[in-house]
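Following: one structure in structure tokens, then a few remarks.
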Ligand code: SP5
Ligand code: ZN
């Protein structure tokens, strides 16, 4: 299996995040990549597909914000990472602000996703890795893996959040559509609901978005991922959510997965993209499912049995020591 990764993805190193009212060490560390690389084959550097495929998903004003936020923060006399403290919630409208703090609120959905000095560079090459993986599959590979980090599925058309800045899987899906694929299915098996991906394709009939995740009644990101969310307009019926209770183990997980896979079969996609997060792992420090290392091989085999060309995009997973083995276990069936 071809695996794509660019060393510049390691340049993004926020120091800390706001958690339960306190500052804690940032969970989404570059060490996650080291754990995965120890367990998998050699990686290939992606070629540069340019900013076009990124701009096909994210708004120009948001990309401009991402590129300049860290410098604007420093120019405002601040040290450390850029992080917001005020949010417009339902009153968001396209005003032009003169303060970095106003833009941080305008373009983010949480206070646990800081912008560090090299965040844009890392996010850019990260997106190139995702595009390279889907490009390999469009070129005839049965499957490919993008070792994405930072993750992407919480980032919307014009907002960051959940350790995510650019939505790697949405960029890959749109790239595939623009390359002529008629129908693309996205299956999100990260512990957290992929709210950004859902928002991006909410009104789209050509992209099916299906997510299995911790019930947002109890878990981040709270405001999306409930089972009555089905999309709108052309997208009606093309968003499907399977919220699962804390404590979910492999047997109940597979029942929901079988329903998700049957919806994918009915959709008859040309291509499958998977948001893979290993934060469903029993020992994950920020999550509450009971999935074990050997279970990832079962989940991978269930999905691989669809027999679809598949690009796998890395999302979360914070039990660093086990992350490589869990990821390799999932990838083995492809
Ligand atoms: C891609 C992904 O898995 N994002 C998850 C974002 C969850 N953020 C909210 C949970 C906050 C947990 N903070 C843990 C701090 C550890 N130092
Ligand atoms: Zn997650």
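Residue numbers (my numbering): 740 to 1073. Just so you know, even glycine gets a beta-carbon here, dropped at the ideal spot from N, CA and C. Everything numeric in this text was worked out from a predicted model, so none of it was measured.
Contact test: residue i Cβ vs the ligand ZN heavy atom, cutoff 7 Å
{"i": "residue 758", "result": "no"}
{"i": "residue 751", "result": "no"}
{"i": "residue 1018", "result": "yes"}
{"i": "residue 930", "result": "yes"}
{"i": "residue 968", "result": "no"}
{"i": "residue 964", "result": "no"}
{"i": "residue 944", "result": "no"}
{"i": "residue 767", "result": "no"}
{"i": "residue 935", "result": "no"}
Residues near residue i in its chain [Cβ-Cβ closer than 6 Å; skip 5 each side]
{"i": "residue 1022", "result": "1058"}
{"i": "residue 1067", "result": "778, 779"}
{"i": "residue 1040", "result": "1072"}
{"i": "residue 749", "result": "769"}
{"i": "residue 1065", "result": "1017, 1020, 1032, 1035"}
{"i": "residue 1047", "result": "1011"}
{"i": "residue 882", "result": "740, 1049, 1073"}
Anticipated Cβ contact below 8 Å, residue i with residue j, distance rounded
{"i": "residue 999", "j": "residue 1027", "result": "Incorrect: roughly 20 Å between the Cβ atoms, too far for contact."}
{"i": "residue 1006", "j": "residue 947", "result": "5 Å"}
{"i": "residue 910", "j": "residue 870", "result": "6 Å"}
{"i": "residue 800", "j": "residue 897", "result": "7 Å"}
{"i": "residue 815", "j": "residue 839", "result": "5 Å"}
{"i": "residue 1063", "j": "residue 775", "result": "5 Å"}
{"i": "residue 888", "j": "residue 747", "result": "Not really, about 11 Å apart at Cβ, beyond 8 Å."}
{"i": "residue 876", "j": "residue 1050", "result": "5 Å"}
Cutoff 7 Å; reference residue i; Cβ partners in own chain excluding five residues on either side
{"i": "residue 978", "result": "937, 941, 948, 968, 969, 970"}
{"i": "residue 894", "result": "900, 903, 904, 905, 906, 935"}
{"i": "residue 1044", "result": "none"}
{"i": "residue 908", "result": "869, 891, 892, 925, 936, 1012, 1014, 1052"}
{"i": "residue 975", "result": "969"}
{"i": "residue 912", "result": "923, 925, 946, 1012"}
Residue i: CB within 7 Å of a non-hydrogen atom of the ligand SP5
{"i": "residue 939", "result": "no"}
{"i": "residue 901", "result": "yes"}
{"i": "residue 892", "result": "yes"}
{"i": "residue 851", "result": "yes"}
{"i": "residue 925", "result": "no"}
{"i": "residue 986", "result": "no"}
{"i": "residue 1025", "result": "yes"}
{"i": "residue 761", "result": "no"}
{"i": "residue 790", "result": "no"}
{"i": "residue 992", "result": "no"}
{"i": "residue 764", "result": "yes"}
{"i": "residue 1035", "result": "no"}
{"i": "residue 898", "result": "no"}
CB contact check: residue i to chain C, cutoff 8 Å
{"i": "residue 1063", "result": "Absent from the structure is chain C; it holds one protein chain and no more."}
Contacts around residue i, its chain only, beta-carbon distance under 8 Å, and the 5 residues preceding and following it disregarded
{"i": "residue 917", "result": "792, 795"}
{"i": "residue 1024", "result": "766, 1057, 1058"}
{"i": "residue 983", "result": "951, 952, 953, 954, 991, 992, 995, 1028"}
Any non-hydrogen atom of the ligand MG closer than 7 Å to residue i Cβ
{"i": "residue 1055", "result": "Here the bound small molecules are the ligand SP5 and the ligand ZN; the ligand MG is not part of this structure."}
* Answer yes if the region 752-759 comes into contact with the region 849-861, meaning at least three C-beta pairs across the two stretches below 8 Å, and no otherwise. => Contact holds: three or more Cβ-Cβ distances are below 8 Å.
* Segment contact flag, the region 1045-1060 with the region 925-935, C-beta cutoff 8 Å, min 3 pairs -> The region 1045-1060 is in contact with the region 925-935.
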